[in-house]
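Undergrad: Submitted below is the structure of interest, expressed as structure tokens.
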Amino acid sequence: MITSKQPRKQRKFLFNAPLHLRRKMLSAHLSDELATKYGRRSFPVAKGDTVKVVRGDFKGHTGKIAEIDLKRGTVKVEGVLITKADGKRVMRP
Numbered sequence: 008m009i010t011s012k013q014p015r016k017q018r019k020f021l022f023n024a025p026l027h028l029r030r031k032m033l034s035a036h037l038s039d040e041l042a043t044k045y046g047r048r049s050f051p052v053a054k055g056d057t058v059k060v061v062r063g064d065f066k067g068h069t070g071k072i073a074e075i076d077l078k079r080g081t082v083k084v085e086g087v088l089i090t091k092a093d094g095k096r097v098m099r100p
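For the sequence shown, the working numbering assigns the number 8 to the initial residue and increments by one for each residue that follows.
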């Protein structure tokens with residue numbers, strides 16, 4: 008890990024982090040009952056986990072994780088769809 012306090016070096020570490028560390032950075036908060044069960048506040052997300060969207064246009068939607076992109080730091084959730092200009096429906100990251 009990085010020991011510097013400089014914001015510049017902290018950002019550089021985040022952008023250049025290897026995938027096995029990016030996985031840990033892509034975490035989600037647990038529900039209250041799961042947090043008490045596991046004794047942790049958050050866990051790294053995995054394909055197939057059920058998640059609830061808490062920010063943005065799709066706030067409140069619940070669905071399973073269909074795809075995780077560690078390079079971009081995005082997650083695609085089933086049921087969170089947008090319509091493209093050609094009419095095709097695609098999952099929104």
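By construction, the Cβ of each residue, glycine as well, lies at the ideal position given by its N, Cα and C atoms.
Of the residues LYS83, ARG48, LYS71 and VAL60, which one's Cα is nearest the Cα of PRO100?
TA: LYS83
Undergrad: If we ignore side chains and look at the alpha-carbon of each, how far apart do ALA42 and ASP93 end up?
TA: 43 angstroms
Undergrad: Could you check which residue in THR81, PRO51, GLY86 and ILE75 has the C-alpha nearest to that of GLY67?
TA: For the options THR81, PRO51, GLY86 and ILE75, the alpha carbon positioned closest to that of GLY67 is the one of GLY86.
Undergrad: Compare the C-alpha of LYS78 against each of PRO25, SER11 and THR10 and name the closest.
TA: PRO25
Undergrad: To the nearest angstrom, report how far apart ARG29 and LYS12 are at their CA atoms.
TA: 19 angstroms
Undergrad: Relative to the alpha-carbon of SER38, which residue among LEU21, ASN23, GLY80 and ASP56 has its alpha-carbon at the smallest distance?
TA: ASP56
Undergrad: Measuring only the C-alpha atoms, how far is VAL52 from PRO14?
TA: A straight line joining the alpha-carbon of VAL52 with that of PRO14 spans about 26 angstroms.
Undergrad: As an exercise, report each continuous beta strand (DSSP E) stretch of at least 3 residues that is fully enclosed by the region 35-80, in chain order.
TA: 49-51, 57-59 and 69-76
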